[in-house]
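These protein sequences, in sequence, are chains A and B.
So the first sequence is numbered by the numbering used here: it starts at 1 and just counts up by one.
So the second sequence is numbered by the numbering used here: it starts at 1001 and just counts up by one.
Built from N, CA and C at the ideal position, the CB exists for glycine as well.
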Amino acid sequence: MPTRRFPQPFIDRYSQFIPDFDAFLDAMQRPLRRTFRVNTLKATRDQVLDLMADLKPEPLAWYELGFSLARDMTESGSGDSDRVPSTSLGKRIEHFIGLIYVQEAASMVPPLVLQPQPGERVLDIAAAPGSKTTQMSAMMQHTGLIISNDPAPMRVRGLIGNIDRAGCLNVAVCRMDGASLARMVTGTCDRVLVDAPCSSEGTIRKSPQALDRWSVAAIERLTSIQKRLIVAGYLALKPGGVMVYSTCTVAPEENESVVAHLLDRQPEAEIRPAELPGLVTRPGLREWEGAEYPEAVGSCRRILPQDNDTEPFFLALIRRPS
Amino acid sequence: MFDRFEVTEEQETVFAGTPEVMEFDAVRPMRRGMRLARIYPHSVKPTTFGMQVLGRHATRNAIELDDEQAKRLINGGSLIIDVDAENGFVLLRWRGFAVGVGFYKRPVLKSQIPRFRPVE
């Protein structure tokens, strides 16, 4: 089992609760498949498939507009030598003119679970670089309003560039503290996406250097931000509104603990199962390091890399009662 | 298509967005909708990404490019090409999709597309 790249505390923590832990570590060391999403604001699925037939894109099991590229096995042939095709998706004409958006497969899931509808008001509280904002914009078919926010100036530049490239006309971009913005729109949003800033353990497959920055202290630093965002995001919902809280990390402190914090502050909040046909998920944890979480937290969903060949992800689908 | 959208002008730039985007006033956003065009003293020039949205409706002064021609112009180059188009700003199309704006002075077609990540 190739474990040498993972710090011992990482292994000690996650072997406690991640099922099929050897398969998890093995998957975390494999490079990610290159994946993209068809941008229906500019082209149809069939048009894009016709243009990109040379790469033989394969549809994702849970999303008709998401595709992956087959791995290009190299001749040197060791077990870990599979690599993505040499053609960079980001250097294709289809990408330049916004017909496709290069996006990790698991990152396509939160908007699919949130299901924004045409004409609605949606808050994307931590939006850069814009993959989910542009995906939701397409789902809303050029209607309604997405308030797309990120507090970091450089990241907002990238967000705006991606919104322009995708041709989104239903997005207002803000650069504010996310919780402060949410308070300015309290009780007015049909949907809220809190794709929270996180320790990004999930990005290890894409960028092994992420492991160098990994520490329990870094995880603990982020939880206070995440707790502020989930409560403020929830209060931005109209009665009957729906929110998704998501991260691309494994740490329970950034996931189940944050949802449990919301339930402590807003006990009426409803946690719904976040399911997508074709996507394998695992239930949220009920306890971690001596802390027991409410039963509803078990309805949260974990996406593990060995199940769907994606980054790991966490999702909570939350409804504010009418 | 643009019946359902509104445009606004700010700092010599035209933005297009849905009515909900334009009316949103709970905070002052950095940006409403997408940047459609720049206003100059004697002309209005669509942005590259604005042209990609507007250009699908263009019926004249459009030049269809093959793969290599499109890559060269996206990467900031120029072409020697003899086509049925008036001299001046033209729409560049690739496989039917609007790519951006070029400037044609027969037989030279120059890219007006700002440098982004190179296309290969």
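Reduced DSSP secondary structure (H/G/I, E/B, other) of residue i
i        : result
P324(A)  : Lying before the first or after the last residue shown, residue 324(A) is absent from chain A, which here runs from 1 to 322.
E1068(B) : helix
R221(A)  : helix
G79(A)   : Confidence at G79(A) is low in this model, with a pLDDT of 39, below 50, so its placement is unreliable and no value can be given for it.
G1102(B) : strand
V1014(B) : strand
V156(A)  : helix
K132(A)  : helix
S180(A)  : helix
K42(A)   : coil
E1009(B) : strand
P239(A)  : strand
Y245(A)  : strand
V1108(B) : strand
R4(A)    : The predicted model places R4(A) with a pLDDT of 49, which falls under 50 and marks its position as unreliable, so this point remains unresolved.
A1062(B) : strand
M1034(B) : strand
A27(A)   : helix
Proximity test, Cβ basis, 8 Å: residue i and chain B
i       : result
M176(A) : yes
M52(A)  : no
D164(A) : yes
G167(A) : yes
N308(A) : no
L49(A)  : no
D280(A) : The question names Asp, yet the displayed sequence has Val at residue 280(A). Answer no: the Cβ-Cβ gap between V280(A) and chain B never drops below 8 Å.
G233(A) : no
L114(A) : no
V192(A) : no
Y14(A)  : no
G130(A) : no
Whole-number beta carbon distance between residue j and residue i, since they are thought to touch under 8 Å
i        : j        : result
N267(A)  : P321(A)  : What sits at residue 267(A) in the sequence shown is Pro, not Asn. About 11 Å; that fails the 8 Å criterion.
N162(A)  : P208(A)  : Going by Cβ atoms, the distance from N162(A) to P208(A) rounds to 25 Å, so no, they are not a contact pair.
G1017(B) : R1032(B) : 5 Å
V216(A)  : P59(A)   : V216(A) to P59(A), Cβ: 39 Å. No contact.
A236(A)  : L123(A)  : 5 Å
E254(A)  : T223(A)  : 6 Å
A310(A)  : A105(A)  : Sequence check: residue 310(A) is Thr here, not Ala. That belief holds up - the Cβ atoms of T310(A) and A105(A) are roughly 5 Å apart, short of 8 Å.
Y101(A)  : R45(A)   : About 13 Å; that fails the 8 Å criterion.
I11(A)   : L304(A)  : So it is not a contact: roughly 15 Å between Cβ atoms.
W62(A)   : P283(A)  : No, W62(A) and P283(A) are not in contact; Cβ-Cβ is about 18 Å, not under 8 Å.
Residue from the options with nearest C-alpha to residue i
i        : options                                   : result
I318(A)  : F10(A), Q135(A), C300(A) and P305(A)      : C300(A)
C168(A)  : R282(A), D150(A) and Q135(A)              : Q135(A)
Q1052(B) : D26(A), L49(A) and L99(A)                 : L99(A)
R34(A)   : R286(A), A138(A) and A70(A)               : A70(A)
D177(A)  : A166(A), M243(A), P197(A) and C189(A)     : P197(A)
L315(A)  : S200(A), R165(A), D264(A) and P110(A)     : P110(A)
N170(A)  : G278(A), K56(A), N308(A) and T143(A)      : T143(A)
L51(A)   : E287(A), P277(A), V250(A) and E94(A)      : E94(A)
V1014(B) : E1020(B), L1109(B), R1060(B) and Y1040(B) : Y1040(B)
V1027(B) : R183(A), R213(A) and S200(A)              : R183(A)
P312(A)  : R13(A), F6(A) and M28(A)                  : M28(A)
V280(A)  : G298(A), R286(A) and D307(A)              : D307(A)
D1066(B) : G1088(B), R1095(B), V1021(B) and G1100(B) : R1095(B)
R228(A)  : V250(A), D264(A) and V173(A)              : D264(A)
Own chain, CB closer than 6 Å to residue i, minus 5 neighbours either side, in chain order
i        : result
I230(A)  : V194, Y245, V258 and L262
K206(A)  : L32
E75(A)   : At E75(A) the pLDDT is 32, less than 50, meaning the model places this residue with poor confidence and gives no usable figure here.
V84(A)   : Residue confidence for V84(A) is low, a pLDDT of 45 falling below 50, so the modelled location carries little weight; the figure read from the coordinates is stated next. For V84(A), where only same-chain residues beyond five positions count, the Cβ hits under 6 Å are R34.
V1044(B) : A1037
R1004(B) : none
P116(A)  : V122, M136, M139, M140 and R191
P1019(B) : E1006
Contact set for residue i: own chain, Cβ-Cβ below 7 Å, skip 5 residues either direction
i        : result
N1075(B) : P1118 and V1119
R155(A)  : A128 and P129
A1062(B) : V1090, L1091 and R1093
D150(A)  : A126, A127, A128, V156, L159 and R175
Interface flag, residue i vs chain A, CB-CB below 8 Å
i        : result
A1058(B) : no
G1033(B) : yes
A1026(B) : yes
I1074(B) : yes
Q1069(B) : no
Q1052(B) : yes
E1118(B) : What sits at residue 1118(B) in the sequence shown is Pro, not Glu. Chain A, which has a Cβ nearer than 8 Å to the Cβ of P1118(B), makes this yes.
F1005(B) : yes
G1017(B) : yes
P1029(B) : yes
Close beta carbons around residue i, own chain, < 8 Å, minus the five adjacent residues each side
i       : result
G158(A) : A128, P129 and G130
P57(A)  : F36, L49, F67, S68 and L69
E64(A)  : R45
Near the ligand NAD: residue i beta-carbon under 7 Å from a heavy atom
i       : result
I147(A) : The ligand NAD is not part of the structure shown, which contains no ligands of any sort.
Residue i: contacting residues in chain E (beta-carbon distance under 8 Å)
i       : result
R121(A) : Chain labels in this structure do not include chain E; the protein chains are A and B.
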